[in-house]
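With our numbering applied, the sequence shown covers 13 to 349. Positions of the beta carbon are idealized from the N, C-alpha and C atoms, including for glycine. All values derive from a computational prediction rather than experimental measurement. Input: a single structure, listed below in structure tokens.
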Amino acid sequence: MDVVFDRGVYLPQFDLWLDSLRKRNTSVVSHAHSDHIARHVRPVLTQGTRILLDDYFKRSEPVELGYGESLETPEYSITLHPAGHCLGSAQTLVMDRRTGERLLYTGDLRIQPSPINEPVEAIHCDTLVIESTYGRPDYVFPPQEEAIGTALRVIGQWLEQGAIPIVLGWRLGKAQEALHHLLTAGLPVACEESVYDIARRYESGGVRFPGEYRLFAGDFRDGEVCIFPPSRKSREQVGQSLPPGKSARYLELTGWAAGRGEKPWGRGRPGDSSLPYSDHADFNDLMGYVQAVRPKRVYTVFGFPDLAAHLRQQGYAAIHLGKNAGPGDQAVQMPLL
Ligand SMILES: [Zn+2]
Numbered sequence: 013m014d015v016v017f018d019r020g021v022y023l024p025q026f027d028l029w030l031d032s033l034r035k036r037n038t039s040v041v042s043h044a045h046s047d048h049i050a051r052h053v054r055p056v057l058t059q060g061t062r063i064l065l066d067d068y069f070k071r072s073e074p075v076e077l078g079y080g081e082s083l084e085t086p087e088y089s090i091t092l093h094p095a096g097h098c099l100g101s102a103q104t105l106v107m108d109r110r111t112g113e114r115l116l117y118t119g120d121l122r123i124q125p126s127p128i129n130e131p132v133e134a135i136h137c138d139t140l141v142i143e144s145t146y147g148r149p150d151y152v153f154p155p156q157e158e159a160i161g162t163a164l165r166v167i168g169q170w171l172e173q174g175a176i177p178i179v180l181g182w183r184l185g186k187a188q189e190a191l192h193h194l195l196t197a198g199l200p201v202a203c204e205e206s207v208y209d210i211a212r213r214y215e216s217g218g219v220r221f222p223g224e225y226r227l228f229a230g231d232f233r234d235g236e237v238c239i240f241p242p243s244r245k246s247r248e249q250v251g252q253s254l255p256p257g258k259s260a261r262y263l264e265l266t267g268w269a270a271g272r273g274e275k276p277w278g279r280g281r282p283g284d285s286s287l288p289y290s291d292h293a294d295f296n297d298l299m300g301y302v303q304a305v306r307p308k309r310v311y312t313v314f315g316f317p318d319l320a321a322h323l324r325q326q327g328y329a330a331i332h333l334g335k336n337a338g339p340g341d342q343a344v345q346m347p348l349l
């Protein structure tokens, strides 16, 4: 199956889009993060993704598929399978009904278990289109328990010092995982508005948090931890709400803390503490996943082109699609097509 990457993954033989960033008649939406969506007429998605994007798709006609349920057309069938990345996140398996060829598009992928996501399923395929956000060998994350253990120790120290701990985590997914970990540790938690709203949507999608949490309404309370998205607006809101004589300390949970400090895009000021905790697969997880699904050919999308180069060294026909593709990606493209 030919694959084109143009602000989304396109399968020309079926005129089918996966995660198109431009509005289409029909496109699969792998998950609810804004860098994977557009206001399609008929987005194909899971129930969890629909719950998270209810307002966004209010003028659309969503086609909801349960995990493992098929959408059949005369030429191909589509099934969605858990991707482990956030509520409702899905890998898409497209099967050519004429030849039986199977193409798997992972969307954003997370292999390590999460307390609140459906666990990832490895799906055997002929052609694999895999994300490579952390597709570089220096992005190998420590065990999650280690990062969470360190986070809880640091937060405990800040509370003892009388500071207000602010955990910074992406508003959809990472923040709710942080919420779950903090509540499991028995800490009282207040959530910034968007984090709170999405946590409630997670509950509508069947996720149970191990304790109560509250909406942050401009009032800090002693002994409490707050969760905010990593943005300048968050810093301003915290700054405006601080009681006299109190200071805030920021703890950032991000996979970028694992590398050499480089980030492919600016994300503002780093936290007082940055810990490598991600809702994406790290380099080893990505390589392991490719081995597990035994594809004949691999296309990498998003992120670093290095993953494709490493896969080629392991004997896979692999190319990186996208603007940062290198000469090696061109060289193997010909025999693939
Ligand atoms: Zn994502």
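In three-state terms, what does DSSP make of residue i?
i: ASP297; result: helix
i: ILE90; result: strand
i: GLU189; result: helix
i: VAL53; result: coil
i: ALA163; result: helix
i: THR139; result: strand
i: TYR146; result: coil
i: ASP14; result: coil
i: THR111; result: coil
i: GLN25; result: helix
i: ARG19; result: coil
i: ILE331; result: strand
i: SER285; result: strand
i: GLN345; result: In this predicted model, GLN345 has a pLDDT of only 45, less than 50, meaning its place in the structure is not dependable enough to derive any value.
i: TYR79; result: coil
i: SER39; result: strand
i: ILE210; result: helix
i: ILE63; result: helix
i: GLN103; result: strand
i: LEU184; result: coil
i: ARG324; result: helix
i: VAL132; result: coil
i: THR85; result: coil
i: ALA270; result: helix
i: ALA304; result: helix
i: THR196; result: helix
i: GLU264; result: strand
i: ARG226; result: strand
i: LEU116; result: strand
i: VAL250; result: helix
i: ARG244; result: helix
i: LEU319; result: helix
Assuming contact is defined by CB atoms lying nearer than 7 Å, are residue i and residue j in contact in what I supplied?
i: ALA44; j: THR58; result: no
i: PRO125; j: ARG183; result: no
i: VAL15; j: VAL141; result: yes
i: LEU191; j: ILE239; result: yes
i: ARG306; j: ALA329; result: no
i: ILE178; j: TYR262; result: yes
i: PHE232; j: ILE167; result: no
i: GLU236; j: ALA202; result: yes
i: VAL304; j: ALA163; result: In the sequence as presented, Val is not what sits at residue 304; that position holds Ala. Not a contact, by the Cβ cut-off of 7 Å.
i: ASP294; j: TYR146; result: yes
i: TYR79; j: PRO55; result: no
i: GLN173; j: TYR214; result: no
i: HIS52; j: LYS35; result: yes
i: THR91; j: SER101; result: no
i: CYS137; j: ARG109; result: no
i: ILE63; j: SER206; result: no
i: ASP297; j: ILE128; result: no
i: GLU84; j: PHE26; result: no
Cα separation between residue i and residue j?
i: PRO222; j: ALA211; result: 12 Å
i: VAL250; j: VAL106; result: 46 Å
i: ALA337; j: THR312; result: 10 Å
i: ALA50; j: PRO255; result: 41 Å
i: ARG148; j: PHE316; result: 7 Å
i: HIS292; j: GLY20; result: 18 Å
i: ASP120; j: HIS97; result: 6 Å
i: ASP234; j: GLN103; result: 42 Å
i: SER3; j: ALA260; result: The structure shown does not extend to residue 3, since the chain spans only 13 to 349, so no value can be given for it.
i: GLN326; j: MET299; result: 10 Å
i: THR38; j: VAL219; result: 29 Å
i: LEU265; j: LEU77; result: 32 Å
i: TRP170; j: LEU180; result: 15 Å
i: LEU116; j: ASP66; result: 26 Å
i: SER42; j: GLY257; result: 46 Å
i: LYS186; j: TYR225; result: 16 Å
i: SER290; j: VAL152; result: 11 Å
i: GLY267; j: GLY198; result: 25 Å
i: GLY230; j: ASP47; result: 29 Å
Just to check my reading of the structure: residue i and residue j have Cβ atoms closer than 8 Å, yes? What is that Cβ distance to the nearest angstrom?
i: THR139; j: MET13; result: 5 Å
i: SER144; j: LEU30; result: Not confirmed; about 16 Å, so no contact.
i: LEU195; j: TYR208; result: Not a contact, Cβ separation roughly 13 Å.
i: ASP150; j: GLY334; result: The Cβ separation is near 20 Å, so there is no contact.
For review: beta carbons within less than 5 Å of any heavy atom in ligand 1: HIS45, ASP120
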